[in-house]
Amino acid sequence: MNDLRDLYQEVILDHNKRPRNFRIIPQPTHQANGLNPLCGDRISVYLDIEDGVIQDIAFQGAGCAISSASASLMTEALKGKPVADVDYLFEAFHGVVTTERECPNGLGKLSVLAGVRDYPSRVKCATLAWHAVRAALEERKEAVATE
Amino acid sequence: MNDMSALYSMTSGTGSPLGELDIARIRADVPILRQQVHGKPLIYLDNAASVQKPKAVIDAVSECYTGYYSNIHRGVHLLSERSTAAYEGARGKVRAFLNAASAREIIFTRNTTESINLVASSFGGSRVHAGDEVLITGMEHHSNIVPWQLLCERTGAKLKVVPFTDAGELILEEYERLLDSGPVRLVAFVHLSNALGTLNPAKQMIDLAHARGIPVLVDGAQSVPHLAVDVRELDCEFYAFSAHKIYGPSGVGVLYGKQALLEAMPPYQGGGDMISLVTFEKTEYAELPNKFEAGTPNIAGVIGLGAALDWLNAIGLDRVAAHEHALLEYATARLDEIPGLKIMGAARDKAALAAFTLEGVHPHDIGTILDREGIAVRAGHHCAQPVMQRYGVPATARASFAVYNTRDEVDALVAALWKVKEMFDL
Ligand SMILES: Cc1ncc(COP(=O)(O)O)c(C=O)c1O
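As they're listed, the protein sequences go chains A and B. Okay, so the first sequence: first residue is 140 according to our numbering, each after it adds one. Okay, so the second sequence: first residue is 19 according to our numbering, each after it adds one.
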């Protein structure tokens, strides 16, 4: 089971059990839903953006441990960051979960999700929340799907 | 194929239960099972999604391509005659398998989904009008929902849904009430639910519809590999299934339809093979079944389906059903031992699969961890999202059985589920 521990690390199990920023922001400046058609998981993300900076970010929804932990860790990583950094951070995170790329600064504890790279069918779980954030920033109304 | 039935009856005699030796022989017939995944012996419990193929089926397909393949129904040369004979021979095997009155009532399609779409488009398109109703159940696969929704959108008809209990059984009083409450033009229901394992009382439901003059389509995608189906005894108007779920190749489906109805229905697709005369003014359609088989079909696949039915008949569907029933009972008891595990679907009549949730672990994570133990299960909504909504869960994990599965494999599943709990500190 050692290789499975690479995927299900303590930090991931912890964020799955006690997700951070797991709430609704009543009047967000930006909001969107993400949908993983493979498993039917849905997640909603809420952002409060002022002067180009993410002042607050939260999420709600049911998902697997990977998608829940990834969403939780993402909210921690993005809070206080300039909106302009989101695309770069997403690209970097995508690299971490799909290739051997090192985790750059700015992604915080998100590096614990690197184990996902050995489980190609789970990459969509890890990136669902990010897709939703992007959709929120682009003010897309329909739920974004991971495929 | 007589030699094969002799093989399986050696240990126990035809009609008697399949013993361990029989199952070992059956497993030896299915080459893909002899492999390791992630360093563990493969335990394939995703049979409701698609079943693995016996060598006899793989050989039949390969012999067609290496020995006598050609297009059918249109050549005077020897290969075309041989291919046509093998293709039509398979149609005869399907007829016998379903006990249909005539091979003309057997239409080859791509899969169950296309069989249902054929009926929705051809029968529905000509018989269902604005204000009419189509009645389905709450436990349908998306492929027995969406074609009817599309039909209703096109025609202005209404889709009505028979509810089911927490145990996963259709509420027959509601069914009768819905049959009486509007101009129902067609009933379509699943014989064996892929999400719950519920075996619906098909004969009773068909009789209730017929008492009101309403025709019935049965989605048999899950039922045919697990129980003997006699369409004349059921008396349904249409019966649909897929070859890939009954040990045959993917890309082939079957639609059984009563001859008089099929004859009265307009074609589904136009093209070659389905006509008897074409001029630019008017086209005359071919006789059944060709009227509904436009274009070159999956010739080798259909022949493979014939081989799959031979293989299954040699074992005997009654014995298959008994073996799988015992396996499901055993699995249900063992799964119930696991704290926090809830089986979804507790119908009195149930077959072939156990869908479940495990408190504190998402089915997707269960699926990934089991995979590393060599165990293939399905995790997700099983193309039955309304069923998930009914129980308020996003998804379930599902172990589904075929004739080649064993008690040892159930034990391995249970042991792996304990590991899942350990991994998640539960
Ligand atoms: C009950 C039921 N109906 C229909 C289908 C659709 O079968 P196919 O994908 O072969 O068309 C399935 C397959 O999962 C099923 O389980």
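Here a beta-carbon is modelled for each residue, glycine too, at the ideal position from N, C-alpha and C. It should be emphasised that the depicted structure is a prediction, and the values quoted were computed from it without experimental measurement.
Along the segment 185-203 of chain A, the positions whose C-beta sits under 8 Å from a C-beta of chain B are A201, G202 and C203, read in chain order.
Taking 8 Å as the CB threshold, R261 (chain A) lines the interface with chain B. Secondary structure note for D429 (chain B): its alpha helix (DSSP H) is the uninterrupted segment R425 to M441. At least 8 Å separates the CB of L174 (chain A) from every CB of chain B. The alpha-carbon separation between E171 (chain B) and P404 (chain B) amounts to approximately 19 Å.
Note: M362 (chain B) is bridge-paired with B:A373 in the DSSP secondary-structure output.
Per the DSSP secondary-structure output, L295 (chain B) pairs in a beta bridge with B:E302.
Where N155 (chain A) is concerned, there is no enclosing beta strand (DSSP E), although the alpha helix (DSSP H) around it starts and stops at E149 to K156. Here the distance from the Cβ of V208 (chain B) to the nearest heavy atom of ligand 1 is below 7 Å. Taking 9 Å as the Cβ-Cβ cut-off, the segment 232-260 of chain A approaches chain B at Y258 and S260, given in chain order. Of the candidates B:F419, B:R230, B:A118 and B:V75, B:V75 places its Cα closest to the Cα of L327 (chain B).
Scanning the segment 218-298 of chain B for uninterrupted beta strand (DSSP E) segments of 3 residues or longer gives 234-237, 256-260, 271-275 and 293-296, listed from N- to C-terminal end. With a threshold of 7 Å, the Cβ atom of Q403 (chain B) does not count as near ligand 1, since no heavy atom of the ligand is closer than that. Note on geometry: alpha-carbon atoms of V247 (chain B) and L116 (chain B) lie some 6 Å from one another.
The contact set of L143 (chain A) on chain B, defined by CB atoms closer than 7 Å, consists of I387, R390 and M441 in chain order.
Contact annotation for G179 (chain A) against chain B: G398, H399, Q403, M406, P412 and A413 [CB-CB distance below 9 Å, chain order]. Using a CB distance below 7 Å, no part of the segment 359-377 of chain B faces chain A. Within the segment 148-177 of chain A, contact with chain B at the beta-carbon level (separation under 7 Å) is assigned to L152 and L177. Exclusion of the five residues before and after Q194 (chain A) leaves D187 and I188 as the residues of its chain whose Cβ lies within less than 7 Å of its Cβ. F182 (chain B) carries a strand assignment under DSSP once its states are collapsed to helix, strand and coil. Unbroken beta strand (DSSP E) stretches of 3 residues or longer found wholly inside the segment 192-266 of chain A: 192-201, given in chain order. Per DSSP, the continuous alpha helix (DSSP H) segment holding V112 (chain B) begins and ends at L96 to L116. Distance from the C-beta of G271 (chain B) to the nearest heavy atom of ligand 1 is below 7 Å. Per DSSP, reduced to three states, the secondary structure at H209 (chain B) is coil, with no helix or strand assignment. Flagged as an interface residue toward chain A: H380 (chain B), by a C-beta distance shorter than 8 Å.
Interface criterion not met: the Cβ of D64 (chain B) is under 8 Å from no Cβ in chain A.
Considering only beta carbons, no part of the segment 57-85 of chain B lies closer than 7 Å to chain A. Counting of Cβ neighbours within 10 angstroms places N244 (chain A) among the exposed residues, the total staying below 16.
Contact between A372 (chain B) and L346 (chain B) holds, with the beta-carbon distance rounding to 7 Å and staying under 8 Å. Excluding five sequence positions before and after E355 (chain B), the CB atoms of its chain that fall closer than 8 Å to its own CB belong to V432, given in chain order. Here the distance from the Cβ of T130 (chain B) to the nearest heavy atom of ligand 1 is below 7 Å.
Scanning its chain for C-beta atoms nearer than 7 Å, with the 5 sequence neighbours on each side dropped, one finds around A275 (chain A) the residues H169, Q170, A171, V184 and L186, in chain order. Legend: CB atoms of the segment 324-345 of chain B lying less than 9 Å from CB atoms of chain A are not found in any residue. At a cut-off of 7 Å, the beta-carbon of Q240 (chain B) counts as near ligand 1: some heavy atom of the ligand is closer than that. Remark: the C-beta of H159 (chain B) is in contact range of ligand 1, defined as less than 7 Å to any heavy atom.
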